[in-house]
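Here UniProt numbering is used: the first residue of the sequence shown is 1, the next is one more, and so on.
The beta carbon of each residue, even a glycine, is placed where N, CA and C say it ideally should be.
Quantities reported herein were computed from a predicted structural model and do not represent experimental measurements.
The structure under discussion appears below in the form of structure tokens.
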Amino acid sequence: LEVFCYCLVFDHFRLTTLPWNSLSTWLYCFLFVDFGFYWAHRLAHEVNFIWAIHQAHHSGEDFTLVAALRQAVLQPFTAWITYVPMAVIGIPPQTFLVHLQLTELYMLWIHTEAIKSLGYLELIFNCPSHHRVHHARNRKYIDKNYGALFIFWDKLFGTYEDEDPDEPPVYGLVHPVESYDPFYLQFHTWISMYHNIRQTEGFRNKLCIPFKGPGWSPGKPRLGYIDEIPEIKQPVEYWNPQISIWKKIYVVWHSAIIVIFYHELSTKSNQLTQ
Numbered sequence: 001l002e003v004f005c006y007c008l009v010f011d012h013f014r015l016t017t018l019p020w021n022s023l024s025t026w027l028y029c030f031l032f033v034d035f036g037f038y039w040a041h042r043l044a045h046e047v048n049f050i051w052a053i054h055q056a057h058h059s060g061e062d063f064t065l066v067a068a069l070r071q072a073v074l075q076p077f078t079a080w081i082t083y084v085p086m087a088v089i090g091i092p093p094q095t096f097l098v099h100l101q102l103t104e105l106y107m108l109w110i111h112t113e114a115i116k117s118l119g120y121l122e123l124i125f126n127c128p129s130h131h132r133v134h135h136a137r138n139r140k141y142i143d144k145n146y147g148a149l150f151i152f153w154d155k156l157f158g159t160y161e162d163e164d165p166d167e168p169p170v171y172g173l174v175h176p177v178e179s180y181d182p183f184y185l186q187f188h189t190w191i192s193m194y195h196n197i198r199q200t201e202g203f204r205n206k207l208c209i210p211f212k213g214p215g216w217s218p219g220k221p222r223l224g225y226i227d228e229i230p231e232i233k234q235p236v237e238y239w240n241p242q243i244s245i246w247k248k249i250y251v252v253w254h255s256a257i258i259v260i261f262y263h264e265l266s267t268k269s270n271q272l273t274q
């Protein structure tokens, strides 16, 4: 959807056309995509209805490469917004698409606890330690480190936080979701927001709930109070339901079939289009 909206704006509303084979165009796009990702990501945490979409990505209590694949199904419907200005100034869609895909690939490997510190690289680049902070539900780590490739956007706009060796990140939502139901994980926040709107008095306050922060309520600042974030109870208890061996076998078998299906689809895609 990001590409569709981008092409639509580029075709009908661009002010000029930058050459796709120009080094400067690729450099502009390189920076603008990263800048756009920062703001798209920040909006996903600071605007309640977008957070209702994005929270599925943060619901996991383990931080591994698999966590990067826990994506919100509705995310493309909002992620395109911050990239539209690039289409207006005439950056070609093919250039944008390349950088967008490279950004998504980069974001995969930083979902890990295996890499502790990368030294001086962490001054400029978004590294695993930064993204561990971003996924943590510790009070001091909430709403920090939104960057994609570069971490200096967070330092510039006041959303940067170092990983504290004395406070290891604890992952998941501030109110953990004890469910593996994919539909519930994707949409439970919408249900909570609906009930919140119904229970809140005043039309203006009701209207503010989807557009202010997830922690907002009448009388509070836009993002709510950080002190209302629950403290981490020690020792940390993780939701770990017992799953029968037959369900585990089914999940492995089901996943293998999907991988085989997509492999066959990709290798025979040229035949399907003929």
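Where do the N-terminal and C-terminal ends of the alpha helix (DSSP H) with residue i fall, by residue?
i	result
Asn196	Pro182 to Gln199
Asn205	Phe203 to Cys208
His263	Ile245 to Thr267
Lys155	Phe152 to Phe157
Leu8	Glu2 to Phe13
Just list the residues that DSSP pairs residue i with in beta bridges.
i	result
Tyr171	Ala136
By DSSP, does residue i sit in helix, in strand, or in coil?
i	result
Phe35	helix
Phe125	strand
Gln101	helix
Ile50	helix
Ser117	coil
Gln242	coil
Arg222	coil
Ser24	helix
Ala40	helix
Phe211	coil
His131	helix
His111	coil
Glu237	coil
Asp227	helix
Tyr160	coil
Tyr141	helix
Tyr146	coil
Going by Cα to Cα distance, which pick from the options is closest to residue i?
i	options	result
Gln234	Asn138, Leu74, Pro19 and Thr78	Asn138
Ser192	Val177, Ala40, Glu163 and Lys116	Val177
Ser217	Arg198, Ile232 and Val84	Arg198
Phe187	Cys5, Leu27 and Ser59	Ser59
Ser129	Trp109, Val88, Phe157 and Glu163	Glu163
Arg132	Leu185, Leu123 and Ser117	Ser117
Glu231	Tyr6, Val174, Glu161 and Val47	Val174
Trp239	Asn196, Asp62 and Val98	Asp62
Phe150	Phe30, Asn21 and Lys247	Phe30
Gly147	Tyr225, Lys268, Gly36 and Phe4	Gly36
Ile229	Trp20, Ser179 and Gly213	Gly213
Tyr168	Glu113, His254, Ile53 and Pro210	With the sequence shown as reference, residue 168 is identified as Pro, and Tyr is not the correct amino acid for it. Looking at the Cα atoms, Glu113 is the closest of the given residues.
Glu122	Phe203, Pro92, Asn145 and Leu105	Asn145
Ile226	Lys248, Ile89, His111 and Glu46	Glu46
Asp34	Asn126, Gln55 and Val9	Asn126
Trp20	Asp11, Ile209, Leu74 and Gly90	Gly90
Ala72	His254, Trp253 and Pro182	Pro182
Pro165	Gly158, Leu156 and Tyr141	Tyr141
His41	Ser266, Asn196, Leu265 and Trp153	Trp153
Leu74	Gly172, Phe96 and Leu185	Leu185
Leu102	Trp26, Ile245 and Leu43	Trp26
Thr189	Ile53, Glu201, Glu104 and Pro93	Ile53
residue 276	Pro92, Thr82 and Thr159	Given that the chain is displayed from residue 1 to residue 274, the structure contains no residue 276 and the question cannot be resolved.
Flag residue i as yes if its beta-carbon sits less than 8 Å from any beta-carbon of chain D, otherwise no.
i	result
Glu201	This model lacks chain D altogether; it includes just one protein chain.
Segments assigned alpha helix (DSSP H), at least 4 residues, entirely inside the region 53-94: Counting only unbroken stretches of 4 or more residues, the alpha helix (DSSP H) elements lying wholly within the region 53-94 are 76-79 and 84-88, in sequence order.
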